[in-house]
């Protein structure tokens with residue numbers, strides 16, 4: 199079994215370079231979504247979750263994806279908005295495991311924090327390439343946590359971004375965002391949520407707003423061609439966007455069933471949903487005219503994205519000689535005796 203720790207993931211990113219890594223991931227995800235539309239690949243099932251209530255709300259989710267007769271990938275991801283302040287941990291923590299689909303044996307276990315951020319940014323880049331005005335130059339970000347870094351990075355790889363406006367309710371997150379995203383070469387200007395929203399060609403919302411506490415910006419004087427990547431909605435009742443904007447915009451979900459349950463699409467009649475991410479990747483012409491109007495990518499996250507990202511990291515780990523191989527489940531001395539593990543089982547007395 200291959201183990202890829204956070205340190206291993208970091209080394210791969212350093213050796214390959216984050217621009218090259220994310221560019222390759224965008225390309226692979228795009229090809230995979232096209233295969234989903236053509237019926238060559240399958241869309242992952244909707245995820246399941248345990249919701250935590252009370253003084254430390256959050257959610258622990260399991261996200262499975264299966265490639266028949268090849269492998270099954272399952273990510274367990276936790277959204278814990280109090281982590282940063284209470285425990286000094288990221289808001290999003292994750293572990294990704296892969297199993298041989300024929301034998302069930304575990305083949306890979308990887309830390310999923312950076313992987314999740316990268317694949318979410320890559321999905322937004324794909325959606326924005328299809329839905330945003332082709333000459334979009336101003337990116338606005340509401341929510342400046344870890345996900346915002348990957349979102350801005352991904353957008354900077356596919357658009358001629360020359361202006362970045364950002365807002366966060368936590369002044370320390372806002373103050374540090376320019377430094378954390380500095381590798382993109384883009385300067386970040388702090389602004390209020392209303393100014394960020396009305397100035398943006400592409401707006402990213404990636405917040406920890408509470409259930410019923412949205413929207414995170416007003417629906418006032420927004421650009422006619424505004425595209426929004428709505429990343430933060432991941433719990434039933436949690437929304438980031440003004441209902442009036444969602445009602446009039448073309449809303450394209452990553453996973454229609456999942457988005458209708460817990461994304462921005464949860465407020466919409468199912469008949470109002472636009473084409474899915476796989477459809478617009480396969481046929482961008484479906485939404486070519488929509489790029490000049492207001493659009494929303496309802497990003498809830500798909501295990502398929504984790505599967506593709508893990509594929510990439512496993513390949514690069516082999517190329518670079520990175521990771522730790524362990525004998526997680528040796529062949530027992532007697533496959534019919536569950537006690538015959540490691541060494542010959544002792545006699546039972």
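In the working numbering, the protein residues as written are 199 to 547.
Where is the CB? At the ideal position from N, CA and C, for every residue including glycine.
Tell me which residue opens and which closes the beta strand (DSSP E) that residue i is part of.
i, result
"residue 484", "Where residue 484 is concerned, there is no enclosing beta strand (DSSP E), given that its DSSP letter is neither H nor E."
"residue 257", "256-265"
"residue 249", "246-250"
"residue 496", "493-496"
"residue 425", "425-428"
"residue 388", "386-388"
"residue 448", "448-451"
"residue 465", "Taken as a continuous stretch (DSSP letters only), residue 465 belongs to no beta strand (DSSP E), as it is neither H nor E."
"residue 241", "Element bounds for residue 241: n/a, residue is neither H nor E."
"residue 364", "361-365"
"residue 275", "269-277"
Are residue i and residue j close, meaning C-beta to C-beta below 7 Å?
i, j, result
"residue 417", "residue 440", "yes"
"residue 362", "residue 375", "no"
"residue 493", "residue 353", "no"
"residue 381", "residue 427", "no"
"residue 407", "residue 323", "no"
"residue 231", "residue 475", "yes"
"residue 498", "residue 445", "no"
"residue 335", "residue 360", "yes"
Can you tell me whether residue i is buried or exposed, with buried defined as 16 or more other CB within 10 angstroms of its CB?
i, result
"residue 535", "exposed"
"residue 473", "buried"
"residue 260", "exposed"
"residue 462", "buried"
"residue 397", "buried"
"residue 563", "Shown here, the chain extends from 199 to 547; a query on residue 563 therefore has no answer."
"residue 533", "exposed"
"residue 210", "buried"
"residue 358", "exposed"
"residue 238", "exposed"
"residue 267", "exposed"
"residue 369", "exposed"
"residue 513", "exposed"
"residue 333", "exposed"
"residue 456", "buried"
"residue 236", "exposed"
"residue 524", "exposed"
"residue 419", "exposed"
Just to confirm the assignment, what range does the alpha helix (DSSP H) spanning residue i have?
i, result
"residue 503", "501-518"
"residue 319", "311-329"
"residue 221", "216-236"
"residue 289", "Looking at the DSSP string, residue 289 is not in any alpha helix (DSSP H), and its letter there is neither H nor E."
"residue 347", "344-356"
"residue 370", "369-378"
Apart from the five residues on each side of it in sequence, which residues of its chain come closer than 7 Å, Cβ to Cβ, to residue i?
i, result
"residue 543", "Note that residue 543 scores 45 on pLDDT, short of 50, meaning its location in the model is unreliable; the coordinates nonetheless yield the value given after this. These residues qualify, in order along the chain: 535 and 537."
"residue 503", "227, 317 and 321"
"residue 247", "257, 258 and 259"
"residue 213", "518"
"residue 522", "201"
"residue 233", "239"
"residue 343", "289, 371 and 404"
"residue 287", "281"
Thinking residue i and residue j are a contact (beta carbons under 8 Å), I'd like their distance in whole angstroms, please.
i, j, result
"residue 573", "residue 294", "Outside the displayed span of the chain (199 to 547) sits residue 573, for which this structure offers no information."
"residue 412", "residue 438", "5 Å"
"residue 346", "residue 355", "The Cβ separation is near 15 Å, so there is no contact."
"residue 526", "residue 270", "Not a contact, Cβ separation roughly 16 Å."
"residue 341", "residue 404", "4 Å"
"residue 491", "residue 448", "7 Å"
"residue 379", "residue 350", "5 Å"
Taking 6 Å as the limit between beta carbons, can you name the residues of its chain near residue i, skipping five residues before and five after?
i, result
"residue 141", "With the chain represented from 199 up to 547, any question about residue 141 goes unanswered, as that position is not in the structure."
"residue 520", "206, 209 and 210"
"residue 264", "270"
"residue 539", "530"
"residue 217", "none"
"residue 423", "331 and 490"
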